[in-house]
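See below for the structure under consideration.
Number of protein chains: 2
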Amino acid sequence: TVCPNDESDPTRMLLELCVDGYYVAPGQVHTDLFQRGLCCNYGPLGVELKKNLLEQWWSSIKRSRTQVFGISTLTTGDDKSGEGNPSLDVERLNQFLDADEFNKAQRTQRILMLLRQSTSLRTNLLQGALEQYISWLELVNRRLPFGLAETGLSFQPDGSASRAEATHASLVWFCSPRSSSQWLDHWARLRLQWWRKFALAPSEFSSRDVQVDELQEGASRGVKIVYSFPWGQETLENLWSLGDSELLQTHAGVRAKIQCFDGQKLVVPHVISVVSNMDRSMMAYMHNSLQLMKKHDGKQKLYRRKVLKLHPVLAPVKVALDMGRGATLEQRQVCDGLLQEFLEAGIAAWPGSIDITSSVEKLNTKYDEMGVLFTMVIDENTLESGLLQVRSRDTTIRESKHISEVKGFLLRYMRAAHNM
Amino acid sequence: TVCPNDESDPTRMLLELCVDGYYVAPGQVHTDLFQRGLCCNYGPLGVELKKNLLEQWWSSIKRSRTQVFGISTLTTGDDKSGEGNPSLDVERLNQFLDADEFNKAQRTQRILMLLRQSTSLRTNLLQGALEQYISWLELVNRRLPFGLAETGLSFQPDGSASRAEATHASLVWFCSPRSSSQWLDHWARLRLQWWRKFALAPSEFSSRDVQVDELQEGASRGVKIVYSFPWGQETLENLWSLGDSELLQTHAGVRAKIQCFDGQKLVVPHVISVVSNMDRSMMAYMHNSLQLMKKHDGKQKLYRRKVLKLHPVLAPVKVALDMGRGATLEQRQVCDGLLQEFLEAGIAAWPGSIDITSSVEKLNTKYDEMGVLFTMVIDENTLESGLLQVRSRDTTIRESKHISEVKGFLLRYMRAAHNM
Numbered sequence: 001t002v003c004p005n006d007e008s009d010p011t012r013m014l015l016e017l018c019v020d021g022y023y024v025a026p027g028q029v030h031t032d033l034f035q036r037g038l039c040c041n042y043g044p045l046g047v048e049l050k051k052n053l054l055e056q057w058w059s060s061i062k063r064s065r066t067q068v069f070g071i072s073t074l075t076t077g078d079d080k081s082g083e084g085n086p087s088l089d090v091e092r093l094n095q096f097l098d099a100d101e102f103n104k105a106q107r108t109q110r111i112l113m114l115l116r117q118s119t120s121l122r123t124n125l126l127q128g129a130l131e132q133y134i135s136w137l138e139l140v141n142r143r144l145p146f147g148l149a150e151t152g153l154s155f156q157p158d159g160s161a162s163r164a165e166a167t168h169a170s171l172v173w174f175c176s177p178r179s180s181s182q183w184l185d186h187w188a189r190l191r192l193q194w195w196r197k198f199a200l201a202p203s204e205f206s207s208r209d210v211q212v213d214e215l216q217e218g219a220s221r222g223v224k225i226v227y228s229f230p231w232g233q234e235t236l237e238n239l240w241s242l243g244d245s246e247l248l249q250t251h252a253g254v255r256a257k258i259q260c261f262d263g264q265k266l267v268v269p270h271v272i273s274v275v276s277n278m279d280r281s282m283m284a285y286m287h288n289s290l291q292l293m294k295k296h297d298g299k300q301k302l303y304r305r306k307v308l309k310l311h312p313v314l315a316p317v318k319v320a321l322d323m324g325r326g327a328t329l330e331q332r333q334v335c336d337g338l339l340q341e342f343l344e345a346g347i348a349a350w351p352g353s354i355d356i357t358s359s360v361e362k363l364n365t366k367y368d369e370m371g372v373l374f375t376m377v378i379d380e381n382t383l384e385s386g387l388l389q390v391r392s393r394d395t396t397i398r399e400s401k402h403i404s405e406v407k408g409f410l411l412r413y414m415r416a417a418h419n420m
Numbered sequence: 001t002v003c004p005n006d007e008s009d010p011t012r013m014l015l016e017l018c019v020d021g022y023y024v025a026p027g028q029v030h031t032d033l034f035q036r037g038l039c040c041n042y043g044p045l046g047v048e049l050k051k052n053l054l055e056q057w058w059s060s061i062k063r064s065r066t067q068v069f070g071i072s073t074l075t076t077g078d079d080k081s082g083e084g085n086p087s088l089d090v091e092r093l094n095q096f097l098d099a100d101e102f103n104k105a106q107r108t109q110r111i112l113m114l115l116r117q118s119t120s121l122r123t124n125l126l127q128g129a130l131e132q133y134i135s136w137l138e139l140v141n142r143r144l145p146f147g148l149a150e151t152g153l154s155f156q157p158d159g160s161a162s163r164a165e166a167t168h169a170s171l172v173w174f175c176s177p178r179s180s181s182q183w184l185d186h187w188a189r190l191r192l193q194w195w196r197k198f199a200l201a202p203s204e205f206s207s208r209d210v211q212v213d214e215l216q217e218g219a220s221r222g223v224k225i226v227y228s229f230p231w232g233q234e235t236l237e238n239l240w241s242l243g244d245s246e247l248l249q250t251h252a253g254v255r256a257k258i259q260c261f262d263g264q265k266l267v268v269p270h271v272i273s274v275v276s277n278m279d280r281s282m283m284a285y286m287h288n289s290l291q292l293m294k295k296h297d298g299k300q301k302l303y304r305r306k307v308l309k310l311h312p313v314l315a316p317v318k319v320a321l322d323m324g325r326g327a328t329l330e331q332r333q334v335c336d337g338l339l340q341e342f343l344e345a346g347i348a349a350w351p352g353s354i355d356i357t358s359s360v361e362k363l364n365t366k367y368d369e370m371g372v373l374f375t376m377v378i379d380e381n382t383l384e385s386g387l388l389q390v391r392s393r394d395t396t397i398r399e400s401k402h403i404s405e406v407k408g409f410l411l412r413y414m415r416a417a418h419n420m
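Chains as they are written, first to last, in the numbering used here: chain A, 1 to 420; chain B, 1 to 420.
Have a look at this one:
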């Protein structure tokens, strides 16, 4: 049966799929947050997808240049000492309480504002890297260029007292003032390549120069990498050329200490900031890889098959193991043994054996929506011949393979996918 | 020369090593936090060590049982809607402002307390898993046992307005009431094995039953896994048998909805909570793997060599590439090419080539303190013969290997280490 909702509202369909495929926790709150490019409660597949994305980001950033070093900074306490300053709060609070010029509502309003500001959760990863800059100069012998990379949560004040959180991946690149503009171009090109590498429809990912009136404070140039969602373009990544002002401001009065060698010359480096929103990037890849296929079943009814064709490297589940209905104890043992073997080899495997009530056909539909790369069915034949049915998500073709060769097959497939 | 400080204060020596080896950011604030088992600003090697530990934790938990699913919940907003409730704050704030019975100091005090409580950052990962429990019942066909695993930040109110953060790894295991006590023993045994697997001196990791008066509220039994630091024992992991009370409390009034099948019978499951502190675990493994060796140099002076013998799987840097003093451009090109090759193959490699001012001997001392597994030196010979010197951290033996075989050597070594 054709569901008219699917065609008229692709956004809703995608969000439903996120929940049905165990990417996002059920509940309007979570799909809303996810659609806004924010952290939500993720399910098992969402957790894996995010982990895979972050892993790819790290290895790409590290490979791109040898002088990139990972750091991690505290999420609490924006001040440089690394400790909150409760006395500030008391002082300002008393000010508000004592001030006669406020009426009750104004006073409440101001205290609420203070309340929001007081638990200083970081709003970006840039500031932490700028503060840590001096600590890692010895590491690079004060030689430019080098970069500090970090992934973690950022918190945006959200209008209300609660805060919206998002997972950021940040590279702060310190380089010669002479070449900062080329470096911005370099990173923008490299990053767009990265985004497109995992895409089914690469053209939905694009980059554009930021107009002068959109520039972040302190930035002389900017590039955005955006994705075309059904409801419009959204920013996945911001690249800013920030000059030296933010670094000088963070380390005020110690100009000599922050200078680095640009060849033989000592200079205050320019800063390039590259920040991706990894929650929104999950949404982008899920949207990008969702394919709708029309299909006729035996009774000539038309229905749509939804297949989440996530790149093999990103797909949270590489293989699902099933037994079909009415499985015997022996089948279950073989299934569990194989599952264990896959997990030991680092292959993300799904215990399909927990669902013994559905038909194989129904399970395949489910796995396609989850983006599972391969499905293997252990049936009575397997016990006799050692053969099992291997179905590919992308070709829908079923092949018989011997149980002794399936692990090797998956490992080779994944290795090839990594080199794609 | 023997440094008397080293012997008299092993804690201080360890903390200095953390900073000198690029594990922890310089500054008293960070070493203090780290020593207390809390998150601090980490350097490049600290970031990698934590990543390696978390990866091992995940794969061990997933392999141990097929019915373990990863989830991720929000760090902000403890309430079930997933959104903060600013109206509550306003109401309580007005109460305090209006109350005549308070003097100014009391009023300030109460408002400050409200301020601390109002930004609801989670204090544990257990609550999130209990709340998410119902969402993932369909996934397991309401069959016990199953587990929800999560890693992430927890925030402890710290006396002051600032909060201390720590990285937790949590498994919440839902099981039959009949077998909850056996499950607690099962997990305690498995987890202690895991801790000891990566230890140089496994006996420093031990477990003990929690006394009745130490039990967490709601817990009927508990086991602690502790590490013996120079300053005393500290808890790395808590395992609690929590019965069904917390689950019933979290989902009050929907008893039928939270029941699961224990065989053919519907029951409210019992909860086992297993929580590790991953920041403290870094400290424990660093302490555990630090070896002091007495050594005479050529001039018969006695000095101590500090070697951080982290397990190969945990060691943040597997190989450092060096050129020694006065390297030529060709040497640098070979070095960079090899570095790139290692990074592409997923081998964590250190660009020793950024330090061209130190002697090879001095570099080796440094690498031993960083826990680098292998050091390779590209010298003039390498350009002619293709041979380079490979030095092992653990044996201090140098061997010549051909440049074409070093990648394969490292990959085989790491594969063996993973199976150790």
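Using N, Cα and C, we set each Cβ at its ideal position, and we do this for glycine too. All values reported here derive from a predicted model rather than from experimental measurement.
Based on Cα-Cα distance, which residue from the options lies nearest to residue i?
| i | options | result |
| --- | --- | --- |
| valine 29 of chain A | A:Cys40, A:Gly324, A:Tyr23 and A:Gln182 | A:Cys40 |
| serine 176 of chain A | A:Val223, A:Asp244, A:Leu236 and A:Thr235 | A:Asp244 |
| tryptophan 350 of chain B | B:Val317, B:Arg65 and B:Gly152 | B:Val317 |
| leucine 144 of chain A | A:Phe34, A:Asn277 and A:Trp173 | A:Trp173 |
| glycine 386 of chain B | B:Lys257, B:Met370, B:Glu405 and B:Leu373 | B:Glu405 |
| lysine 62 of chain B | B:Glu16, B:Thr382 and B:Arg191 | B:Arg191 |
| aspartate 185 of chain B | B:Pro26, B:Ser207, B:Arg391 and B:Gly263 | B:Ser207 |
| tyrosine 427 of chain A | A:Trp240, A:Arg221, A:Leu236 and A:Asp262 | Residue 427 of chain A lies beyond the residue range present for chain A, which begins at 1 and ends at 420; the question has no answer from this structure. |
| glutamate 234 of chain B | B:Phe205, B:Gly152, B:Ile347 and B:His402 | B:Phe205 |
| serine 281 of chain B | B:Gln182, B:Arg36 and B:Val19 | B:Arg36 |
| arginine 178 of chain B | B:Thr108, B:Glu138, B:Val268 and B:Tyr227 | B:Val268 |
| methionine 414 of chain B | B:Leu383, B:Met13, B:Ala315 and B:Arg391 | B:Ala315 |
With burial defined as no fewer than 16 other Cβ atoms inside 10 Å of the residue's Cβ, what is the status of residue i: buried or exposed?
| i | result |
| --- | --- |
| aspartate 368 of chain B | buried |
| threonine 11 of chain B | exposed |
| serine 180 of chain A | buried |
| isoleucine 397 of chain B | exposed |
| threonine 1 of chain A | Note on threonine 1 of chain A: pLDDT 38, under 50, position unreliable in the model; no value is reported. |
| arginine 122 of chain A | buried |
| histidine 423 of chain B | Past the boundaries of the shown model lies residue 423 of chain B; chain B is included only from 1 to 420, so the question cannot be answered. |
| serine 87 of chain A | Residue confidence is low: serine 87 of chain A scores 39 on pLDDT, short of 50, so the model does not pin down where it sits. No coordinate-derived value is stated. |
| lysine 295 of chain B | exposed |
| valine 254 of chain A | exposed |
| arginine 391 of chain B | buried |
What is the residue span of the beta strand (DSSP E) that residue i lies within?
| i | result |
| --- | --- |
| phenylalanine 374 of chain B | 374-377 |
To which residues does DSSP link residue i through a beta bridge?
| i | result |
| --- | --- |
| lysine 265 of chain A | A:Asp262 |
| lysine 401 of chain B | B:Leu388 |
| aspartate 322 of chain A | A:Val377 |
| cysteine 175 of chain A | A:His270 |
| alanine 166 of chain A | A:Ser154 |
| glycine 147 of chain A | A:Val68 and A:Trp173 |
| alanine 349 of chain A | A:Val319 |
| leucine 121 of chain B | B:Thr76 |
What are the boundary residues of the alpha helix (DSSP H) that includes residue i?
| i | result |
| --- | --- |
| serine 425 of chain B | The structure shown has nothing for residue 425 of chain B, since chain B only spans 1 to 420. |
| aspartate 9 of chain A | Segment: none, aspartate 9 of chain A is in no alpha helix (DSSP H) and carries neither H nor E. |
| asparagine 103 of chain A | No alpha helix (DSSP H) contains asparagine 103 of chain A, which DSSP labels as neither H nor E. |
| asparagine 364 of chain A | 360-370 |
| glycine 21 of chain A | Element bounds for glycine 21 of chain A: n/a, residue is neither H nor E. |
| tryptophan 187 of chain B | 180-197 |
| glycine 128 of chain B | 126-132 |
| leucine 411 of chain A | 406-418 |
| glutamate 138 of chain A | Looking at the DSSP string, glutamate 138 of chain A is not in any alpha helix (DSSP H), and its letter there is neither H nor E. |
| arginine 255 of chain A | Looking at the DSSP string, arginine 255 of chain A is not in any alpha helix (DSSP H), and its letter there is neither H nor E. |
Check whether the Cβ of residue i sits closer than 7 Å to any heavy atom of the ligand FMN, and report yes or no.
| i | result |
| --- | --- |
| serine 176 of chain A | Annotation note on the ligand FMN: not contained in the displayed structure, which lists no ligands. |
Open item on the list: To test your reading of the DSSP string, which unbroken beta strand (DSSP E) runs of 3 or more residues are found completely within the stretch 272-316 of chain B?
Closed with: Listed in chain order, the complete beta strand (DSSP E) runs (minimum 3 residues) inside the stretch 272-316 of chain B are 290-296 and 302-308.
Open item on the list: Could you tell me which whole beta strand (DSSP E) segments of length 3 or greater appear in the stretch 24-83 of chain A?
Closed with: Listed in chain order, the complete beta strand (DSSP E) runs (minimum 3 residues) inside the stretch 24-83 of chain A are 68-70.
Task: Inside the stretch 203-247 of chain B only - beta strand (DSSP E) runs reaching at least 3 residues - done: Listed in chain order, the complete beta strand (DSSP E) runs (minimum 3 residues) inside the stretch 203-247 of chain B are 205-209, 221-229 and 232-241.
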